[in-house]
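Each residue of the sequence shown is one higher than the last, beginning at 7 in the working numbering.
Beta carbons: idealized from backbone N, C-alpha and C, even for Gly.
Every value quoted in this text rests on a predicted model; they were computed, and no experiment measured them.
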Amino acid sequence: AVVSTQSTGTYCEIKYKNSVVDGPQHLVNEIRYIRENFDAEQQNILLESVERNAFFAHPEAVLVGMLGHEDIRVREKAVQICQECNTTGVPATRVYERPKVNRMASDISHLCTMRKQKVSQYSNVRYAGRWVFRTNKDEWALVTLPPVLAGADLQKYKQHPLKLHYPCHTQSVEQRVALTSTAVVDKTGYQRQLGSALAKAKNRQQ
């Protein structure tokens, strides 16, 4: 079954590349697979499930992933954003804002919308000149420097990709494998397996 194949494939990728640096790329791969292999209704059900657990689409995770990217241009962009993240007015304990996931993302730098707010008489004075990202509430929130990079020499990542040993493997990965595996065992035939997995995913939204 397509769902089972994707779940197993994603699980294996995560087990093979299990650093938190790889998390955003795993998310991009999953979104791309769903986009290319399911119809619009099925995509909506699956992507809504993905979005609820899309912690790697948050700017802090995206920046870490960009700094570990093999393309030097991506790393240079991440260094620029990190250097321009103004910590003024950012509380020590931050409220987690869920990002609005870009369902058409083809690379990690576009998983969520990040931009530098223009300074003008019409801009929000609070965020003028600062990097912001779009939340799932269609509001703007500040992009903050990932804590793991506090005090780091960012310039070195232009030449050498960031390496971290924190795992990106989470309980949601195991839950997804269990969901699709159960569907495969309980149902025979692709359509029944797919229907069972989608029904369970949709039921969890209610």
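For residue i and residue j, I'd like the C-alpha separation in whole angstroms.
i	j	result
HIS116	GLU103	17 Å
GLY29	CYS174	6 Å
LEU151	HIS32	22 Å
ARG140	LYS122	12 Å
LEU69	VAL101	18 Å
LYS143	PHE62	17 Å
THR107	GLU36	Reading off the sequence shown, one finds Val at residue 107, where the question assumed Thr. Their Cα atoms are separated by approximately 12 Å.
GLY71	GLN165	15 Å
ILE114	VAL27	11 Å
LEU155	LEU170	11 Å
My guess is that residue i and residue j are in contact by the Cβ rule of under 8 Å, so how many angstroms apart are they, rounded?
i	j	result
GLU90	TRP137	6 Å
PRO167	GLU76	6 Å
VAL85	GLN161	7 Å
LEU73	TYR163	5 Å
VAL34	ALA111	6 Å
Using DSSP with H/G/I as helix, E/B as strand and the rest coil, what is residue i?
i	result
ALA7	Per-residue confidence for ALA7 stands at a pLDDT of 46, beneath the threshold of 50, marking its modelled position as unreliable; no derived number is given.
SER25	strand
PRO65	helix
PRO153	helix
PRO105	strand
LEU73	helix
ASN59	coil
ALA84	helix
SER112	coil
ALA46	helix
CYS91	coil
LEU33	helix
Checking the sheet assignment: what are the DSSP bridge partners for residue i?
i	result
LYS122	TRP137
ALA147	PHE139
PRO173	SER25
Comparing C-alpha positions only, which one of the options sits nearest to residue i?
i	options	result
CYS88	LYS23, VAL149 and ASN50	VAL149
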